[in-house]
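Q: Numbering (the numbering used here), first residue to last: 90 to 161.
Just so you know, even glycine gets a beta-carbon here, dropped at the ideal spot from N, CA and C.
The structure displayed is predicted, hence computed values, not measured ones.
Mind having a look at this structure? Questions to follow.
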């Protein structure tokens with residue numbers, strides 16, 4: 090990964106973290122009081138919100154590749 094792409098990814102990750110933190114603070118602030126609670130909350134939010142979006146994106150990329158392969 091280029092340095093430019095790494096920094097771009099880092100900026101997006103920070104923005105996602107801010108959104109998820111705000112959500113956690115509003116829903117279950119007590120979870121954010123311990124390291125264990127933070128770890129659990131992060132894992133749950135990543136699985137619920139972030140991973141599915143990455144999966145959908147990658148699936149669409151793969152479908153586009155397959156369509157391109159069929160067209161050849």
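1) State buried or exposed for residue 148, treating a residue as buried only when at least 16 other CB atoms are found within 10 Å of its CB.
2) Evaluate contact between the stretch 104 to 113 and the stretch 134 to 154, counting only Cβ atoms and requiring at least three cross-stretch pairs below 8 Å.
3) Helix, strand or coil, according to DSSP, for residue 119 in the structure here?
4) CA-CA distance, residue 102 and residue 139?
5) In whole angstroms, what separates the C-alpha of residue 128 from that of residue 105?
A: Reading it off the structure:
1) The residue labelled residue 148 in the question sits at position 59 within the chain shown. So residue 148 ends up on the exposed side.
2) yes
3) Locating residue 119 in the chain shown gives position 30, counting from the first residue. Here residue 119 sits in helix by DSSP.
4) Here residue 102 refers to the residue found at position 13 when the chain shown is read from its first residue. Here residue 139 refers to the residue found at position 50 when the chain shown is read from its first residue. Rounded to whole angstroms, residue 102 to residue 139 spans 10 Å at the Cα level.
5) Along the chain shown, read from residue 1 onward, the residue named residue 128 stands at position 39. Along the chain shown, read from residue 1 onward, the residue named residue 105 stands at position 16. Rounded to the nearest angstrom, the two C-alpha atoms are 16 Å apart.
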